[in-house]
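Residues in the sequence shown are numbered consecutively from 417, following this note's numbering.
For every residue, glycine included, the Cβ atom is placed at its ideal position computed from N, Cα and C.
Structure record follows, encoded as structure tokens.
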Amino acid sequence: MNAAPAAPMLPAFMKAAEKHRERMVQFLLLAALALLVPTMTKYLSWADSVGVLPFKPRDYTLLTVAGAWIMVTLNRPSICPPAFLMLIVPLLRVLDAAFLQRFTITALGDHSIVVMTLISNFLVTFTTVLCLSAEPWRRVAMWVGVCVALLSAGGVYYEWLGFRSFTRIPGRMAGFPEDPNDPPIMICLMLSVIFTLNPRFWWNVVLIALVSPAIMLTLSRSGMAVFSCLMLCYILGNLRQHFMGMLLMMAISVPLAIGGVAVLAQTSTKVGIVTNKDTVDRLKAIYELDFERIKSPERGKDLQDGWEAAGKKPLWGHGTGAGTSVWKPHNQIVSLWIDIGITGPLLFISGLLLLTFRCFTCGMRGAYCLVPLWLFIPCSQILVESPHYWFAAAVCSNLVYTGRFRLVIKAPAKSQATPHSPLPQS
């Protein structure tokens with residue numbers, strides 16, 4: 417008679433536990449978005465440079481990092497070791513700049529400021545990978561990817577509409593990073609994550625339509641090339657299931673792309689009444705698909721100088737910062753070689769090769785992430801300092817590596833074995 421009322425209490429208890437778990441997930445999402453979106457889009461550094469922030473970026477970063485760590489701990493984290501092992505390369509650069517100080521950078525006033533910037537970037541990068549160790553890591557990755565892509569594109573549109581000037585290169589839009597080559601890298605990396613985790617085809621198409629004009633406005637040759645390769649891979653991956661949709665997309669997007677290039681040719685090639693020759697040449701090369709003119713002779717000279725610098729000290733390099741402040745080869749491999757010697761490129765490429773091998777052995781799971789991870793290497797020299805780059809690498813690692821280490825506060829009690837009864841005597 418007394419045991420009957422206990423039956424309806426079990427669903428209520430389970431519902432309360434589920435509600436509490438969902439609340440913890442929401443807090444984790446808020447902490448991850450508050451930390452990663454302003455940092456990845458470089459809105460935080462821009463807001464500090466123009467005096468918009470009422471506090472220091474250092475204080476904001478430390479506060480949001482602490483909040484993210486607490487929320488990850490409360491969401492049953494399970495560590496994916498390969499995702500963290502890939503961070504050895506940026507960690508070596510931080511240690512070299514902080515302790516060895518083989519190369520001194522005074523561009524920001526003092527070398528210690530550069531060291532603190534590298535430490536802050538690594539702390540955010542480590543927290544980025546840690547946020548993907550929580551149980552609802554897919555939701556975290558999706559929300560961060562969508563918000564970063566939209567905010568990066570929104571900054572470019574905001575500048576294009578004439579509300580504010582961000583870019584350091586006239587005739588090209590840049591958004592908050594101030595470098596026109598950065599928004600395409602961010603958007604392509606975030607799109608690769610979204611394509612990997614979101615199976616809803618038309619939602620992805622809508623997102624592509626929202627962000628692709630921003631890539632065109634930057635006039636980044638490498639960004640447009642990587643974006644085109646990523647779109648080609650996505651089309652081939654969905655051609656069989658959405659063949660008619662692909663035809664409709666091509667029928668709409670091709671005229672829009674031609675019209676967009678024509679509009680850019682009329683509006684972006686002049687600074688006042690003076691024609692911007694660099695912008696004209698970029699548009700003609702992209703519009704006519706002239707790959708010889710797409711190549712930059714200045715970057716070719718920078719790459720050649722970078723190879724020569726790496727050959728002078730091939731084993732240990734010149735010191736962290738030399739590959740991004742003196743030679744600027746616009747190539748991540750060469751830049752790493754200049755900074756920390758041959759060890760850096762070997763570790764960096766080995767991690768990507770192992771990730772690629774696991775992707776092929778797992779049925780091409782996470783293949784979209786590999787496209788920008790590989791293709792931006794010969795185009796950029798600051799990938800290892802970018803949290804969004806390691807974010808995409810960590811998403812791919814969490815998909816292809818199944819082994820996990822779960823962190824628990826208290827281990828479950830072991831069950832005591834019952835002693836066997838002695839055999840009966842004959």
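Where residue i falls, given that 16 or more other Cβ within 10 Å makes a residue buried
i	result
Trp-618	exposed
Arg-509	buried
Ile-754	buried
Arg-820	exposed
Met-589	buried
Thr-691	For Thr-691, the pLDDT reaches just 39, beneath the cut-off of 50, and the residue's location in the model is therefore unreliable, although a value from the coordinates is still provided. Classification of Thr-691: exposed, given that the 10 Å Cβ count is below 16.
Phe-429	exposed
Ser-549	buried
Asp-526	exposed
Gln-748	buried
Phe-519	buried
Lys-458	buried
Gly-587	buried
Met-666	exposed
Val-560	buried
Ala-432	exposed
Ile-689	Annotation note: pLDDT 35 at Ile-689 (below 50); position unreliable, coordinate value reported separately. Ile-689 is exposed by the Cβ-count criterion.
Ile-624	buried
Asp-475	exposed
Asp-598	buried
Pro-596	buried
Leu-451	buried
Thr-541	buried
Pro-427	exposed
Pro-593	buried
Thr-612	buried
Ala-783	buried
Ser-465	exposed
Phe-579	exposed
Leu-663	exposed
Ile-535	exposed
His-436	exposed
Phe-773	exposed
Val-468	exposed
Ala-725	buried
Leu-815	buried
Rounded distance between the beta-carbons of residue j and residue i, thought under 8 Å
i	j	result
Ile-610	Gly-639	That belief does not hold up - the Cβ atoms of Ile-610 and Gly-639 are roughly 17 Å apart, past 8 Å.
Thr-544	Phe-807	5 Å
Cys-775	Cys-812	7 Å
Val-530	Ala-557	Not quite, the Cβ-Cβ distance comes to about 30 Å (not below 8 Å), so this is no contact.
Ile-603	Ala-641	Wrong, their Cβ atoms sit about 14 Å apart, outside the cutoff.
Gly-722	Ile-521	With 8 Å as the limit, Gly-722 and Ile-521 do not qualify as a contact, their Cβ atoms being about 17 Å apart.
Arg-822	Ser-461	With a Cβ gap of about 35 Å, Arg-822 and Ser-461 do not count as contacting.
Leu-446	Asn-491	Going by Cβ atoms, the distance from Leu-446 to Asn-491 rounds to 12 Å, so no, they are not a contact pair.
Leu-771	Ala-809	7 Å
Val-507	Ala-569	The sequence given here has Leu at residue 507, not Val. Actually they are not in contact, since the Cβ atoms of Leu-507 and Ala-569 sit about 32 Å apart, beyond 8 Å.
Ala-482	Cys-547	With a Cβ gap of about 13 Å, Ala-482 and Cys-547 do not count as contacting.
Option in the options with minimal Cα separation from residue i
i	options	result
Val-505	Val-453, Pro-552, Ser-751	Ser-751
Val-484	Lys-458, Ala-523, Met-440	Residue identity differs from the one stated: residue 484 is Ala in this sequence, not Val. For Ala-484, the nearest C-alpha among the options comes from Met-440.
Trp-743	Asp-718, Gly-525, Gly-735, Ala-482	Asp-718
Met-502	Thr-777, Tyr-784, Gly-760, Asn-620	Gly-760
His-734	Ile-758, Cys-785, Gly-716, Glu-714	Ile-758
Leu-478	Phe-538, His-746, Pro-493	Phe-538
Leu-516	Asn-597, Trp-790, Arg-584, Trp-732	Trp-732
Val-453	Trp-553, Thr-818, His-804	His-804
Val-787	Gly-767, Met-647, Glu-714, Pro-427	Met-647
Gln-797	Val-816, Pro-745, Ile-651	Pro-745
Met-843	Pro-552, Leu-577, Asn-620	With the chain covering 417 to 842 only, the question about residue 843 has no answer from this structure.
Val-622	Gly-661, Cys-645, Val-642, Leu-635	Gly-661
Pro-629	Leu-655, His-658, Thr-612, Leu-577	Leu-577
Gly-571	Phe-643, Met-456, Gly-653	Met-456
Glu-801	Thr-740, Leu-444, Thr-818, Leu-768	Thr-740
His-658	Phe-443, Arg-616, Leu-771	Arg-616
Gly-653	Arg-555, Leu-626, Met-780	Met-780
Phe-792	Arg-637, Leu-771, Lys-728, Ala-726	Arg-637
Ile-651	Thr-634, Val-627, Ser-608	Ser-608
Gly-767	Pro-497, Leu-633, Pro-730, Gly-727	Pro-497
Tyr-574	Cys-547, Ala-523, Gly-591	Gly-591
Leu-789	Met-606, Gln-720, Met-632	Met-606
Phe-764	Leu-469, Arg-584, Leu-799	Leu-799
Ser-581	Glu-714, Thr-634, Phe-471, Cys-785	Thr-634
Which residues DSSP lists as bridging residue i, in chain order
i	result
Phe-821	Ile-495
The ligand FMN heavy atom lying under 7 Å from the CB of residue i
i	result
Cys-778	The model on display carries no ligand, and the ligand FMN is accordingly not part of it.
Cβ of residue i within 8 Å of any chain D Cβ
i	result
Ala-450	Given the protein chain composition of this structure (a single chain), no chain D is represented.
Legend entry - Uninterrupted alpha helix (DSSP H) stretches inside the segment 426-504 (no shorter than 4 residues): Correct list: 459-465, 473-489, 497-501.
Inset, instruction - Mind listing, in chain order, the continuous alpha helix (DSSP H) runs of no fewer than 4 residues lying wholly within the segment 568-635? - result: Counting only unbroken stretches of 4 or more residues, the alpha helix (DSSP H) elements lying wholly within the segment 568-635 are 598-613, 617-634, in sequence order.
Inset, instruction - Only counting runs of 4 or more residues, tell me where the alpha helix (DSSP H) segments fall wholly within the segment 750-822, in order along the chain. - result: Listed in chain order, the alpha helix (DSSP H) elements of length 4 or more contained wholly in the segment 750-822 are 759-777, 783-791, 803-816.
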